[in-house]
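Okay, so the first sequence: first residue is 5 according to the working numbering, each after it adds one.
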Amino acid sequence: MSVQSRYKSFHYIQDLSKFIGQEVELRGWVYDRTKKGKLQFIQLRDGTGIVQCVLFKGAVTEEIFERASEISQETSVKIKGTVRQEERSPSGVELDVVDITIIGHSQDYPITPKEHGDEFLMENRHLWLRSTRQHAIMRVRARIVKAIRDFFDSNGFILQDSPIFTPAAGEGTSTLFSTKYFELGEVYLAQTGQLYAEATAMAHGKVYTFGPTFRAEKSKTRRHLTEFWMVEPEMAFFDLEDDMDLAEDLVEYIVQSVLEDCRPELVLLERDIEKLEKVKRPFHRMSYTEAVKWLNENDVKLIKKNADGTESHIDFPWGEDFGAPQEEALMRQFDKPCIVHRYPAEVKAFYMKRDPENPLCALAMDMLAPDDAGEIIGGSQREDDMEALEHRINEEGLPMEAFDWYLDIRKYGSVPHAGFGMGLERVVKWITGAKHIREAIPFPRTPYRVVP
RNA sequence: UCCGCAAUAGCUCAGUUGGUUAGAGCAUCUGACUGUUAAUCAGAGGGUCAUAAGUUCAAGUCUUAUUUGCGGAGCCA
Numbered sequence: 005m006s007v008q009s010r011y012k013s014f015h016y017i018q019d020l021s022k023f024i025g026q027e028v029e030l031r032g033w034v035y036d037r038t039k040k041g042k043l044q045f046i047q048l049r050d051g052t053g054i055v056q057c058v059l060f061k062g063a064v065t066e067e068i069f070e071r072a073s074e075i076s077q078e079t080s081v082k083i084k085g086t087v088r089q090e091e092r093s094p095s096g097v098e099l100d101v102v103d104i105t106i107i108g109h110s111q112d113y114p115i116t117p118k119e120h121g122d123e124f125l126m127e128n129r130h131l132w133l134r135s136t137r138q139h140a141i142m143r144v145r146a147r148i149v150k151a152i153r154d155f156f157d158s159n160g161f162i163l164q165d166s167p168i169f170t171p172a173a174g175e176g177t178s179t180l181f182s183t184k185y186f187e188l189g190e191v192y193l194a195q196t197g198q199l200y201a202e203a204t205a206m207a208h209g210k211v212y213t214f215g216p217t218f219r220a221e222k223s224k225t226r227r228h229l230t231e232f233w234m235v236e237p238e239m240a241f242f243d244l245e246d247d248m249d250l251a252e253d254l255v256e257y258i259v260q261s262v263l264e265d266c267r268p269e270l271v272l273l274e275r276d277i278e279k280l281e282k283v284k285r286p287f288h289r290m291s292y293t294e295a296v297k298w299l300n301e302n303d304v305k306l307i308k309k310n311a312d313g314t315e316s317h318i319d320f321p322w323g324e325d326f327g328a329p330q331e332e333a334l335m336r337q338f339d340k341p342c343i344v345h346r347y348p349a350e351v352k353a354f355y356m357k358r359d360p361e362n363p364l365c366a367l368a369m370d371m372l373a374p375d376d377a378g379e380i381i382g383g384s385q386r387e388d389d390m391e392a393l394e395h396r397i398n399e400e401g402l403p404m405e406a407f408d409w410y411l412d413i414r415k416y417g418s419v420p421h422a423g424f425g426m427g428l429e430r431v432v433k434w435i436t437g438a439k440h441i442r443e444a445i446p447f448p449r450t451p452y453r454v455v456p
């Protein structure tokens, strides 16, 4: 940390074990506080950690002791004190306070040290982020982002940002957010960068996009956001097998990186670390057809609503897309991710290439994570044949003129290529064990909440 | 869009077959306490029971509508 010396006029809590017996100056916020007569304990947090600061009446002046006793939750302070080794402290150190100065007052902090409901906490998301659990999740998120970037940057991938304003649907299925764009009429917020990644892959060979994407679906589930971050690698000359291998490599690297650098966070979050340690190649793989067979052999019925309101439980028919109940049933047998590949073409997007060995299937794959995390990756080998692609665009009823530039990729030196998209928040939710995807992003956007 | 659940103190909740002045814990404030980390003890303040209408001698409680939130389906990462 060479830059630190240019700024450092105070110390950080994470470094305190290096300063035992010495006087330091900390700056932070009062996380919690207890008074016990002539003794006061202040839990100070500064973003790097929490340390207990101790004041004995008599060891400090009357004025300082009095000032400290008036401090309320989340007051920002400057504390000078001596670092002392302390067995009773979880971090191993404590601070004997010499002086304390209030920087900013805090009155009636809403998130008191007691249980709160989700709704209340979401209303106070801007403050909730200060609490230990949310702090830990965000640290892991940042580490996951770094792992993703490191993985691609050090494996010959070039970062190519895709636009957020786009003229038409990427996949033609999901609902899009629209906005007015000067005199050019309506444009849409990107729900994928993939089509652009296909173009840049033809310039650089291996590329990835990493940014926010938007889906105007009113999905009120614990794994959906309307605004989420997605990383999308796209590789020229890769087929579906290469694509699946790469997805495995990426996910293994992310999990192992987090295990290496975020142990304290995972412990605080009470995540089962042994389970994460098992996330190593090879992952499980099965074709869609094998998965359907498994579901029917294990008596996982498809529940269909009839017109009269009754339900019928039927064998899973080949050709139907999996829902959450099927994915969960399938994953219950596994302790590491599973890739399901070669789905029926009819349930998949128009740009996916047909399986030459079975034209009913698309060369598509989804990676499902264990622990009820669900789908974290969706990808495919792309249709590289001009005529086949045009045919599919017509079949889907999409406007051909919107795909002029996309078809050019097939017109000028088309090559086999593949890629996938990985939802960052879904991965964060899975690795941290967060109950809800809302906890996996600092300021979540859901259909019924855009504040704070 | 559809199905289900919920709304009472700052927060989390209880509130009986409808019945007097609305209950607890925590939080806050005051006081006691030299090892607390969910501290403890004593005291105090704090409520238009989501909104509107209806049934009834009487509604937090029953009915209807509305609003807001939550979970799920569909769709997907």
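Ideal Cβ placement from N, Cα and C applies to all residues, glycine included.
Query, Result
"With 16 other Cβ atoms within 10 Å as the buried cut-off, status of Arg346", "buried"
"Secondary structure of Leu30, DSSP reduced to three states", "strand"
"Residues near Trp322 in its chain [Cβ-Cβ closer than 6 Å; skip 5 each side]", "Val296"
"Residues near Thr170 by beta carbon distance below 7 Å, same chain, minus five either side", "Val191, Tyr192, Ala194"
"Distance between Ile104 and Trp233 (C-alpha atoms, nearest Å)", "42 Å"
"Span of the alpha helix (DSSP H), counted from its first residue to its last, around Ser291", "Ser291 -> not in any alpha helix (DSSP H); beta strand (DSSP E) instead, spanning 288-291."
"Alpha-carbon spacing of Ile307 relative to Leu299, whole angstroms", "13 Å"
"Same chain, Cβ closer than 6 Å to Leu125, neighbours up to 5 away in sequence not counted", "Trp132"
"Whether Thr213 touches Glu236 by CB criterion (8 Å)", "yes"
"Cα-Cα separation between Gly423 and Trp409, rounded to whole angstroms", "19 Å"
"Test item: CB-CB of Glu387 and Met356 under 8 Å", "yes"
"C-beta contact flag for Val255 and Met142 at 8 Å", "no"
"Local conformation of Ser80 per DSSP, three classes", "strand"
"Beta-carbon proximity of Thr116 to Arg275, cut-off 8 Å", "no"
"Range covered by the alpha helix (DSSP H) that runs through Met248", "244-265"
"First through last residue of the alpha helix (DSSP H) which encompasses Arg71", "66-73"
"Stretch pair the region 41-58 + the region 15-27: three plus CB contacts closer than 8 Å", "yes"
"Given 8 Å, three or more beta-carbon pairs between the region 74-85 and the region 107-121", "yes"
"Proximity to Tyr185 [Cα-Cα], best of Thr179, Lys224, Pro451, Ile168", "Ile168"
"Pro1 vs Phe241 beta-carbon contact at 8 Å", "Nothing can be reported for residue 1, as the shown portion of the chain is limited to 5 through 456."
"Beta-carbon spacing of Val367, Ser384 below 8 Å", "It is worth fixing the name first, because residue 367 is Leu in this sequence and not Val. For Leu367 and Ser384, yes; Cβs fall inside 8 Å."
"Supposed close pair Glu252, Ala201 - CB separation, criterion 8 Å", "The pair is not a contact, with the Cβ atoms about 20 Å apart (cut-off 8 Å)."
"Minimum C-alpha distance to Val34 - residue among Val81, Phe60, Val28, Gln44", "Val81"
"Beta-carbon proximity of Ser93 to Lys39, cut-off 8 Å", "no"
"Bridge partners - Met356, DSSP secondary structure assignment", "Arg386"
"DSSP three-state assignment for Ser223, whether helix, strand or coil", "coil"
"Host beta strand (DSSP E) of Ile463 (start-end)", "Look at the range of the chain in this structure, 5 to 456, and you will see that residue 463 is not part of it."
"For Trp233: DSSP bridge partner residues", "Pro216"
"Reference Arg289, options Ile162, Leu244, Arg147, Glu66, closest by Cα", "Leu244"
"Beta bridge counterpart(s) of Gln89 as assigned by DSSP", "Val97"
"Cβ shell of Phe161 (< 7 Å), same chain only, five flanking positions each side left out", "Lys210, Val211, Tyr212, Pro237"
"Contact under 8 Å by Cβ, Ile148 with Ile68", "no"
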